[in-house]
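A.B. asks:
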Amino acid sequence: MRTWKWMLTAFLLVTLSAMAQQSADQSSTSSAVQANAAGSQTATTPAPTTQPAASQAANPAAGSASTAAPTTMDQVVDRSIVREHALMDMLKTRTPLVETYLQNLKSDQKLGPVPSEDHYFLGRLDLGEAVDRRDYLSKDESFEKNLLGGVSKLFKFEYKPMGFSWMIFADREDFDRGHYGFKYVRREFLGDVRCLVFDVTPKKDAGKGRFLGRIWVEDQDYNIVRLNGTYAPRPKNAMYFHMDSWRLNLIPGYWVPAYIYSEEGDFSYGAKDKMAFKAQSRIWGYDLKKGGKEDELTSLRVDSVKDETPSTTDASPLEAQRQWQQQAEDNVVERLQESGLVAPDGEVDKVLQTVVNNLIVTNNIDLPRPVRTRVMITSPLETFSVGNTIVVSRGLIDVLPDEASLAMVLSHELAHIVLGHNLGSKFAFNDRMLFSDESTYNNFGFRHNPDEETAADAKAMELLKNSPYAQKLDVPSLFLKELSERAPSLNALLTAHLGNSFTNDKGQLVRLSALATSGPALDANKLDQIAALPMGGRVKLNAWNDRVELTKSAPVAITSARDKMPFEVTPFFPRLSRLTSDGNTGNATSASNTAPSN
Ligand SMILES: [Zn+2]
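In the working numbering, each number is its position in the sequence shown, counted from 1, plus 79.
#1: Within 10 Å of its beta-carbon, does Y180 have 16 or more other beta-carbons around it, so buried, or fewer, so exposed?
#2: What is the DSSP secondary structure of M169, counted as helix, strand or coil?
#3: How is N437 classed by DSSP in three states: helix, strand or coil?
#4: Indicate whether N579 and H527 have their beta-carbon atoms separated by less than 7 Å.
#5: Is T659 helix, strand or coil by DSSP?
#6: Would you call the region 564-579 and the region 539-550 touching, i.e. three or more CB-CB distances under 8 Å?
#7: What residue range does the alpha helix (DSSP H) around H495 cover?
#8: Leaving out the 5 sequence neighbours to the left and right, which residues in its chain are closer than 7 Å to Q432 when beta-carbon positions are compared?
#9: Pairs of beta-carbons, one from the region 462-469 and one from the region 501-508, closer than 8 Å: are there three or more?
#10: Leaving out five residues on either side along the sequence, give the residues of the same chain with a beta carbon under 7 Å from the beta carbon of K262.
#11: When you measure from the CB of H576 to every non-hydrogen atom of ligand 1, does any distance come out below 6 Å?
#12: I'd like to confirm something about E532: is its beta-carbon nearer than 6 Å to some heavy atom of ligand 1, or not?
#13: Shorter than 6 Å, the distance from the beta carbon of A535 to the closest heavy atom of ligand 1, or not?
#14: Since I believe L594 is in contact with L552 (beta carbons under 8 Å), could you give me their beta-carbon distance rounded to a whole number of angstroms?
#15: What number of angstroms, rounded off, separates the C-alpha of V264 from the C-alpha of L275?
#16: Is DSSP giving A633 helix, strand or coil here?
#17: Measure the C-alpha to C-alpha separation of T457 and D607 and round it to an integer number of angstroms.
#18: Please report the residue range of the beta strand (DSSP E) in which T468 lies.
#19: Provide the residue(s) that pair with R265 in DSSP beta bridges, ordered along the chain.
#20: Counting along the chain, where does the alpha helix (DSSP H) carrying D536 start and finish?
#21: Under the criterion of a Cβ to heavy atom distance below 6 Å, does N436 qualify as lining ligand 1?
#22: Where DSSP assigns a beta bridge to F200, which residues make up the other side?
#23: Going by other Cβ atoms of all chains shown within 10 Å of its Cβ, with 16 needed for buried, is S341 buried or exposed?
#24: Determine the burial state of A622: buried for a count of at least 16 other Cβ atoms within 10 Å of its Cβ, exposed for fewer.
#25: Which same chain residues, not among the five before or five after E375, have their C-beta less than 6 Å away from its C-beta?
#26: Helix, strand or coil for K357 per DSSP?
#27: What whole-angstrom Cβ distance do A633 and P555 have, given they're in contact under 8 Å?
#28: Just to check my reading of the structure: V155 and Y301 have Cβ atoms closer than 8 Å, yes? What is that Cβ distance to the nearest angstrom?
#29: Whose C-beta lies closer than 6 Å to the C-beta of F506 among residues of the same chain, with five residues either side of it excluded?
#30: Kindly provide the ranges of any alpha helix (DSSP H) runs that are 4 or more residues long and lie completely inside the region 398-453, ordered along the chain.
#31: Which value, in whole angstroms, describes the spacing of the CA atoms of D584 and N624?
#32: Mapping DSSP to helix, strand and coil, what is M152?
#33: Starting from the C-beta of G288, find all residues in its chain whose C-beta is less than 6 Å away, skip the five residues before and the five after it, and write them out in chain order.
#34: Have a look at V471, G419, L327, S568 and flag the residue whose alpha-carbon is nearest the alpha-carbon of D428.
#35: Start and end of the alpha helix (DSSP H) containing N521?
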């Protein structure tokens, strides 16, 4: 069965490349592959010098291949169109979250384009017949103000978060041959996945808002795995953004939209383009329940929801108080996970947990209940704690340069726990869990008053100084300095939605400012000084089941101050791989062939 599939694939690729007369990818060319395809494949056979006459005689398929080629090419396009509609169909009942974080850019002599201001959007998509979305933050007045008074006034166009949501499909309505022309370009590997690349252009009179760009189609089931381009024609007084949209093979047979990068702007001398921004959109929570409670018996429960009381007697008043807090904590964490804001307990939590334990053990802290950690999936930099659970946002973990910085962030929340600044006990009442997912930010809040914040900062410094991180506080200090320096242009990134923000409403750093004012000076020109990382570098999110893990990308040498990009948005380049890895996938030699042209 596998051999058959392999042969078909090889055949298809050979005929395609022959037809397109492409010379794009000259590496690892082996005419031996096709000749041996019928028998056992010895992919490592060194390529013999091509002998047109002999190869034609030995391989009767060559003749029929050239005549069958146009059909095969059409088949690929047809299959990809069918698969795209199947994807839309499969996602019809899904309501994933979509988050867009956008940085407007200005040109800096030393650092190149840097953020001048930023915007944040978080919504829930309904991928039914027409794509629809509800925003988690739409009731936020500053959001409206930013939206209408900020971007649109400056750049004379109206920016709609819906626009980014649109980009998860090439064309929700009419992705077909009637509206589009497809031109084969070449084969190309994206990560481990071999793809066929096509340029897609809307046909004349195809109508407004049609996709114009390039698609990458994987070569097993012919799903689109990447889209890159824009929409056309450009309407009057408006514009479509450019986008690079990536999909991941997270469930069998489907590649689901996960990342979209957008960028506009031209900083070349004399350029008239006044608008410049970079934006990352992330989509996740495909597998979340649609708010319905009908199948709650089978739904995932937070694993700590079990009776942990060892006693067989009634709870004492103090025990009852602790159990009450535990109940509130469990309710909140579970509800946040249900609404797609917090990731399930997993691998990253173990890392956070280790750092917390380092602080606890070296400070001889004795707590009645263990401290747990969870990752909030969103980008804005924030932490909060509810009961004994510390929650840290993905965006914050992304930008932290090292373990000591992580310890610095966790120490503040641990301090709240140690000092008994317990918030959220009202959430032990279950009626307070009954609200729509989109209104989570209106129903939950874990902000401490300024006195508790000051006390927590002082305690955090004490915890750090007694910890294994005591001698490593230079980097956390630099992180806070960088944060302080960038804060005025990163208002959206620094606006916490559930906990306390790192900065006040004037954009001044308020968290651990004692640490920020000590230590070495920040110097962009020192290439070994990494104060903060770009967005998206540490945590990998599974868009289907919301699980997070740490990325394993190799460090890349920084060669100039422009490479540092602290807190900045960068393009996505996920390494694509197939869901089912049988060990051999991706190892097949590229089956390009020097097919004789006449
Ligand atoms: Zn705090």
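Every residue, glycine too, gets a C-beta built ideally from N, C-alpha and C.
C.D. replies: Per the coordinate set shown:
#1: buried
#2: helix
#3: helix
#4: The Cβ atoms of N579 and H527 lie closer than 7 Å to each other.
#5: T659: coil per DSSP, three-state reduction.
#6: no
#7: 482-497
#8: T452
#9: yes
#10: Closer than 7 Å at Cβ, skipping near neighbours: F277, D278.
#11: Not under cutoff, so the answer is no.
#12: yes
#13: yes
#14: L552 to L594, Cβ: 7 Å. Contact.
#15: The C-alpha of L275 is placed about 8 Å away from the C-alpha of V264.
#16: coil
#17: 29 Å
#18: 468-472
#19: Looking at the DSSP output, R265 bridges to V276.
#20: 529-544
#21: Relative to ligand 1, even the nearest heavy atom lies 6 Å or more away from the CB of N436.
#22: T179
#23: buried
#24: buried
#25: Note that E375 scores a pLDDT of 46, beneath 50, so its modelled location is shaky; the value from the coordinates is reported in the next line. Excluding residues within five positions, none has a Cβ falling inside 6 Å.
#26: Strand.
#27: Contact doesn't hold; Cβ gap of about 24 Å is too wide.
#28: 6 Å
#29: A407, N410, V411
#30: 426-441
#31: 35 Å
#32: In this structure, M152 counts as helix in the three-state DSSP scheme.
#33: Y310
#34: Looking at the Cα atoms, V471 is the closest of the given residues.
#35: 519-522
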